[in-house]
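Okay, so the sequence shown: first residue is 208 according to this note's numbering, each after it adds one. Structure, as structure tokens:
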Amino acid sequence: MLPSWLTTDYLQPRLRAYCKDEQLKVLGIWAKPATGKGENFVGVMTRIYVDYQLGDGSVQKKTYIVKQALPDNVPQAEVFFEYELYTREMDMYEFVLPKLKELLQQAGLDGKLTADAITVDRGHNTMILEDLAPCKFVNADRVKQLDMAHTKLTLEMLAKFHAAAIVLQERHPNLLTKCFYTHFFSRDKKAYSEVFAGLFRAFLRFIDGQPNLKNAYGDKLHQLRTHIMEYGARAYDVNASDLSTLNHGDCWTTNIMFQYDDAGKPRSVVAIDFQFSNCTSPAIDLHYFFTTSLREEVRDKEPELVEHHYKALRANLERFSYKGSFPTLQEYVLQFERRRFMSLLAHLFKPCMIYNGSEETSDFSSLYAESPDGLRYQKSVYASEAVIRSAAKLLATLDAKGLLDLH
208 MLPSWLTTDY LQPRLRAYCK DEQLKVLGIW AKPATGKGEN FVGVMTRIYV DYQLGDGSVQ
268 KKTYIVKQAL PDNVPQAEVF FEYELYTREM DMYEFVLPKL KELLQQAGLD GKLTADAITV
328 DRGHNTMILE DLAPCKFVNA DRVKQLDMAH TKLTLEMLAK FHAAAIVLQE RHPNLLTKCF
388 YTHFFSRDKK AYSEVFAGLF RAFLRFIDGQ PNLKNAYGDK LHQLRTHIME YGARAYDVNA
448 SDLSTLNHGD CWTTNIMFQY DDAGKPRSVV AIDFQFSNCT SPAIDLHYFF TTSLREEVRD
508 KEPELVEHHY KALRANLERF SYKGSFPTLQ EYVLQFERRR FMSLLAHLFK PCMIYNGSEE
568 TSDFSSLYAE SPDGLRYQKS VYASEAVIRS AAKLLATLDA KGLLDLH
């Protein structure tokens, strides 16, 4: 359904500005939902179909994505408003991403970074964005996850984003307002502590139902339960010697889109969904991406992947003639290692990210609430060999490094 205010009179001046054509005339608009049930918990996505006539008389048929904030009466909306997710994403599309694009072009680093914003409307908490589907950008399979070619391409895109953002911080620090220093684990915020407490309880119920995992890690994980928000905050903390930049903040399979060549190989990649973007170590993006989105055999090549991102980041900064401090590879690996607890926290979302069962939900709270619907959904997403294997491998790594001990 189209919002009642989204009329031809509303859209026409905005499309005229975007297309730089004062004679453009909108002929008609209609709509379809842009995402399936359970694919987007943070907002309402609609694909609109627009016919318009240009000043030269030619008629265009285009599609756009309308992204609206959740209505106030939806329970999870309160969580998202506390963390300024909608303000942040509107700031990203209106101010930050266009400036990053401009900086990249100036440095000769071409290639699309994300969808253009046609308009950002703060009065309606809505953005109208370019639809990437006609440009043949599609999502990879979130259940099968990413192979090495997709992974390296994504790391190169992140390295471009991170490098441009380092330069942005240096040249235009006023663009990164206070909301970009807020994240899931911000110590002055509360709502996500309830979310993560519930996610971790669901994880503990799963562990307690797996005798081998329970025997090996159960006691340690139960002791960790009340500390996870503080350990998460420490992962995001940066000190004077740490590399810090704007992160994507939610880099996983569904928020990345690929273009393919005729042989079916990925040749370019863009990121979408920037409501969680925040300033911290780029290692946070890496841990989240590696944990949620990579096939097992790719995940096993972690040192090679960290180095791939590091080298691309360094090369991009050289294109910018960046003169600020930059870590050695060894220092960068240590910065990545110090944030490894993030992989456990990211893993709490993984069961629903790779879920392929029949238990549908469009309610964010089903991921963590102990309601009948929530418990049924959580049990279903954890009943997967892939999740059991993934958790066993992750916990073995974390335990070997002492990260399941209180510290």
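Glycine residues also receive a C-beta, built at the ideal position from the N, C-alpha and C atoms.
Indicate the three-state DSSP secondary structure (helix, strand or coil) for residue i in the structure shown.
i    : result
R506 : helix
G416 : coil
S550 : helix
P210 : coil
Y271 : strand
N446 : coil
F465 : strand
T452 : strand
Q585 : helix
G235 : strand
A607 : helix
G250 : strand
Y539 : helix
V281 : coil
P534 : coil
A440 : helix
S597 : helix
S572 : helix
Q430 : helix
A470 : coil
A224 : helix
Measure the alpha-carbon distance for residue i versus residue j and round it to whole angstroms.
i    : j    : result
S500 : P220 : 40 Å
Q430 : R412 : 14 Å
Y259 : L231 : 7 Å
Y517 : H369 : 10 Å
R526 : L365 : 16 Å
R474 : K343 : 11 Å
P579 : T568 : 13 Å
S393 : A490 : 17 Å
G531 : N422 : 48 Å
E309 : L261 : 27 Å
F496 : D480 : 14 Å
R441 : E566 : 35 Å
I272 : A322 : 10 Å
G235 : D216 : 10 Å
H390 : D263 : 48 Å
S211 : A224 : 22 Å
F548 : T498 : 11 Å
L209 : A347 : 28 Å
S587 : I325 : 40 Å
A598 : R546 : 18 Å
R596 : L420 : 10 Å
A519 : L582 : 43 Å
Q417 : A607 : 20 Å
Given the structure, does residue i come close to the ligand ATP, in the sense that its CB is under 6 Å from one of the ligand's heavy atoms?
i    : result
T487 : In the structure shown, the ligand ATP is absent, as is every other ligand, since no ligand is present at all.
Just checking my contact of residue i with residue j at CB under 8 Å: how many whole Å lie between their CB atoms?
i    : j    : result
L316 : N523 : 6 Å
L336 : K274 : 6 Å
R295 : F387 : 7 Å
V476 : L360 : 5 Å
F625 : V249 : A question about residue 625 goes unanswered here, because the residues of the chain that appear run from 208 up to 614.
T487 : N454 : 6 Å
L277 : V251 : 7 Å
Alpha helix (DSSP H) runs wholly inside the segment 313-399, at least 4 long, in chain order: 355-378
Say whether the segment 294-314 touches the segment 374-387, bearing in mind that this needs 3 or more beta-carbon pairs closer than 8 Å, one atom from each stretch. yes
Would you check if there are 3 or more beta carbon pairs closer than 8 Å linking the segment 435-455 to the segment 532-549? yes
So, do the segment 514-533 and the segment 272-287 have three or more beta carbon pairs nearer to each other than 8 Å? no
Report yes or no: do the segment 453-460 and the segment 431-440 share at least 3 C-beta pairs separated by less than 8 Å? Proximity of the segment 453-460 to the segment 431-440 falls short of the contact definition, fewer than three beta-carbon pairs being nearer than 8 Å.
Between the segment 388-403 and the segment 333-342, do three or more beta carbon pairs fall short of 8 Å? no
Do three or more CB pairs link the segment 556-567 to the segment 587-599 at distances below 8 Å? yes
Could you name each continuous beta strand (DSSP E) segment of 3 residues or more that falls completely within the segment 485-530, going from the start of the chain to the end? 485-487
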